[in-house]
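Written below as structure tokens is the structure these notes are about.
2 protein chains.
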Amino acid sequence: MITMLSLEQLKEITRQSESKIVLLVIDGLGGLPRPETGKTELETAHIPNLAHLAGKGTCGLTDPVSPGITPGSAPGHLALFGYDPVKFEVGRGILEALGIDFDLKKGDVAVRGNFCTVDNRGLITDRRAGRISTEENAKLCKKLGKITLDGAELYVVPVKEHRFLLLFRGEGLSGDASDSDPQQVGVAPLSVTASSPKGKSTAKLANEFTTKARWVLAESHPANMVLLRGFSQHPNLPTMDEIFKLNPAAIAAYPMYRGLAKLVGMKVLDTGSTIEEEFDTLAKNYAEHDFFFVHVKKTDSTGEDGDFDAKVKALEELDRLLPGITDLNPDVLIVTGDHSTPAMLKGHSWHPVPILLYSKWCRPDRLREFGETACASGGLGRLPALEVMPLAMANALKLTKFGA
Amino acid sequence: MITMLSLEQLKEITRQSESKIVLLVIDGLGGLPRPETGKTELETAHIPNLAHLAGKGTCGLTDPVSPGITPGSAPGHLALFGYDPVKFEVGRGILEALGIDFDLKKGDVAVRGNFCTVDNRGLITDRRAGRISTEENAKLCKKLGKITLDGAELYVVPVKEHRFLLLFRGEGLSGDASDSDPQQVGVAPLSVTASSPKGKSTAKLANEFTTKARWVLAESHPANMVLLRGFSQHPNLPTMDEIFKLNPAAIAAYPMYRGLAKLVGMKVLDTGSTIEEEFDTLAKNYAEHDFFFVHVKKTDSTGEDGDFDAKVKALEELDRLLPGITDLNPDVLIVTGDHSTPAMLKGHSWHPVPILLYSKWCRPDRLREFGETACASGGLGRLPALEVMPLAMANALKLTKFGA
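Line by line, the protein sequences are chains A and B. Letter by letter, the first sequence follows residues -9 to 394 in our numbering. Letter by letter, the second sequence follows residues -9 to 394 in our numbering.
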């Protein structure tokens, strides 16, 4: 029921200052207890540095979107960056582009493409074309890339197995166009239609592309056709500089997270991919920025694999390296995740995510440990992830008073 | 993020009854721990009466606006009175008028004025005219008050040092007019412009006033010019009577809080200025009203002074006098603050505010103390201050069922 300040209202009370904020996002941080011990991954891990930090700071649990909602990576991160994930949706096509470091321009329409198999009547027999190899995919994308259309440049970029990115660049395009993927076999691919008048030219281009692709792929087996979905445009978010008056930098080894950071105007720093290398990148660039988003992936991938012990180990490795951040003495250090990825569930989940906030001006609670159960009685309480940025800004003394 | 009932929806389920609610607002109640002890002002104070009440009632922490946001006095109080502080903004001019007990009428446009110094080219050399004395200010306001304008009555009322209230009263006025204060020296005062068509006549009046003021003040040094900002009108809030069917009264020693209470239709009671006198006023008028807002200022002013010990003493004094309220046996007693004012920060802050609710119908928690850390695990949890009024009304059995 809280009416939160709009980004426009927030902008009125943010101020630039020397203080520095580090937002450490441990992807998929939250977990579920292993039945034998009743302890989650985080509660099982030996993490003395985080426990010490919890003793000095204040903890809580965040809901990335709202209770019960399992977020994808985009909503999970946008919320932490201060952008309402329900209001600002990042389409599947755009996410696909971000995931391969494609250099998006405003106005581009990105689409997720699948190679598929159709029979001689044109009916789909396999929506993934037998998951062709990534090499085969690359060859086919090269062929499709030669297709020319009136009114837009075309990019066809291989992703993995049967997946590719289709991108239209031109004037007057829009994401308001329907999927051609019927999400079932035994029927023909659908015609793309405009879902608003703005989408007409894009739908026309998409259908023209599909028709030509059918001819180009006629002799390819099993990948003899394409399915399109997730037509979407760059969400045109106001930058963190505009709203928060920050000069933000992102340190992330995986393209999708770099891409999400770019969407809100962060400078993406070159980095090695281990946690140690990421923290080194932070130290090296510490003087140049006042906000750092540091992304750790391993906790999520081990969770997705259902490997409880490997996730525990990843957390312990992170904890061992934590002085690489704390020794820099950031004015505000936030340690949290973009969502939970319990090894027990082998995937993202809706469970709230532990958060630890340390600053000189936080009001410490009595917790001396960092874990799901402890965080439930922490001083930050339970809060939407969207409120993390205002809290970070406040603790960095970068917010002035609201209202007279 | 939960959708709350609108005031219109709330109005549908409120009912008048004999039960009585006392809302005790301890201004700037929340604090931060003193490093030597790890205890806040409230946790340091010896407050047996509040601890006893906490044992019978239920506690929690409120966010006056939302996490991270530091509220001014107006948003802090409006939220406690049940009015969304993000939706209903009180302009600086109006607040200035409230702060001197000026009897505002609907339609008035109030403006915050500063005396300033300009050089012979008309460029500002001091935005505060060397902070002239309040006596000098009063003399100059008297002169300015003789200015006459076509189309509006004019009031020029001294506040303190270089500050004054300028008020236009007439038909068709609006707060949609820009500041003449450029917020910097070395430039001339700006022309006031209308920010919407409604503001045209007000902007014209303001510029006419400024031109005439320049002549009137020509021989005054250093206060030879005026700067205007915060053009605003009475926010026209629905009254607490309309929404809550209450007959509310305010007991506050400081004009600004009396003014905020008037904005929502409370009757302002004459009172002495000590806590004891305020509680006496409550007892004397207890039969006449069913809702009382009692405002204690000393905790905020000592916090603003950075005087930890004085804030502790103020809390102890309040606690000692608390039987002055509890002996009246109000059906609902709420003890909270409009925001935190940690002595460590010497000003308002964003930290959540302890709240204690006692009624026969509250669901008691296990707390036996009233302090920031304890409240974090109280039965009320963490809630927006805007939800305090619905809770008070419910516990007074003044709300009927919502929905069939």
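Every residue, glycine too, gets a C-beta built ideally from N, C-alpha and C.
Nonlocal neighbours in the same chain, by C-beta distance under 6 Å from residue i, ignoring five residues either side
i               : result
V80 (chain B)   : A64, P225
M(-9) (chain A) : Note on M(-9) (chain A): pLDDT 44, under 50, position unreliable in the model; the coordinate value appears next. Cβ neighbours of M(-9) (chain A) beyond the five flanking positions: none.
Y145 (chain A)  : L157
A178 (chain A)  : G112, L113
A242 (chain A)  : R248, H285
L236 (chain B)  : M230, D280, F281
Proximity below 8 Å, CB of residue i to CB of residue j
i               : j              : result
L218 (chain A)  : D169 (chain A) : yes
F105 (chain A)  : H152 (chain A) : yes
L346 (chain B)  : G103 (chain B) : no
S185 (chain B)  : D166 (chain B) : yes
G189 (chain A)  : S222 (chain A) : no
P374 (chain B)  : D17 (chain B)  : no
F282 (chain B)  : A239 (chain B) : yes
L14 (chain B)   : I265 (chain B) : no
A366 (chain B)  : L51 (chain B)  : yes
T(-7) (chain B) : M383 (chain B) : no
V55 (chain B)   : F392 (chain A) : yes
G176 (chain A)  : L94 (chain A)  : no
E86 (chain A)   : L195 (chain A) : no
V254 (chain A)  : T229 (chain A) : yes
P380 (chain B)  : L68 (chain B)  : no
S7 (chain A)    : L389 (chain A) : no
G371 (chain A)  : P344 (chain A) : no
Opposing strand residues paired with residue i [DSSP bridges]
i              : result
V216 (chain B) : B:F105
Y276 (chain B) : Its beta-bridge partners do not exist; DSSP assigns none.
P238 (chain A) : A:F281
G50 (chain B)  : B:I345, B:G371
V254 (chain B) : Paired residues: none, contrary to the question.
P148 (chain A) : A:F154
Nearest-angstrom Cβ-Cβ length linking residue i and residue j, presumed shorter than 8 Å
i              : j              : result
L20 (chain A)  : S330 (chain A) : Going by the sequence as given, residue 20 (chain A) is Gly instead of Leu. With a Cβ gap of about 3 Å, G20 (chain A) and S330 (chain A) count as contacting.
G327 (chain B) : C49 (chain B)  : Incorrect: roughly 13 Å between the Cβ atoms, too far for contact.
N214 (chain A) : V108 (chain A) : 6 Å
L134 (chain B) : V206 (chain B) : 6 Å
G220 (chain A) : R82 (chain A)  : 3 Å
D74 (chain A)  : L376 (chain A) : 6 Å
Cβ shell of residue i (< 8 Å), same chain only, five flanking positions each side left out
i              : result
P245 (chain B) : L88, G89, I90, D91
E307 (chain B) : I265, K288
H36 (chain B)  : E306, D309
S9 (chain A)   : D280, D321, V322, A386, L387, K388
Residue i burial status per 10 Å Cβ neighbour count (16 or more: buried)
i               : result
G408 (chain B)  : The requested residue 408 (chain B) does not occur in the structure, where chain B is confined to residues -9 to 394.
N319 (chain B)  : exposed
E268 (chain A)  : buried
A208 (chain A)  : exposed
T201 (chain B)  : exposed
E33 (chain A)   : buried
I59 (chain A)   : exposed
R111 (chain B)  : exposed
R353 (chain B)  : exposed
E(-2) (chain A) : exposed
A304 (chain B)  : buried
D317 (chain B)  : exposed
G262 (chain A)  : exposed
K150 (chain B)  : exposed
G62 (chain B)   : buried
K136 (chain A)  : exposed
A277 (chain A)  : exposed
T30 (chain B)   : buried
P148 (chain B)  : buried
E143 (chain B)  : exposed
S445 (chain A)  : The displayed coordinates of chain A run from -9 to 394. Any statement about residue 445 (chain A) would go beyond what the structure contains.
Check: residue i C-beta below 7 Å from any heavy atom of the ligand GTP
i             : result
P75 (chain B) : For the ligand GTP, the structure offers nothing, since it holds no ligand at all.
Own chain residues within Cβ distance below 7 Å of residue i, not counting five before or after
i              : result
A119 (chain A) : F105, C106, T107, H152, P212, A213
A115 (chain B) : In the sequence on display, residue 115 (chain B) carries Thr and not Ala. Correct list, in chain order: T107, V108, D109, V175.
G162 (chain B) : S191
V76 (chain A)  : V55
L335 (chain A) : L22
Subject >> Contacting positions in the stretch 350 to 379 of chain A - beta carbon closer than 9 Å to chain D >> reply: Within the model displayed, chain D is absent; protein chains A and B are what it includes.
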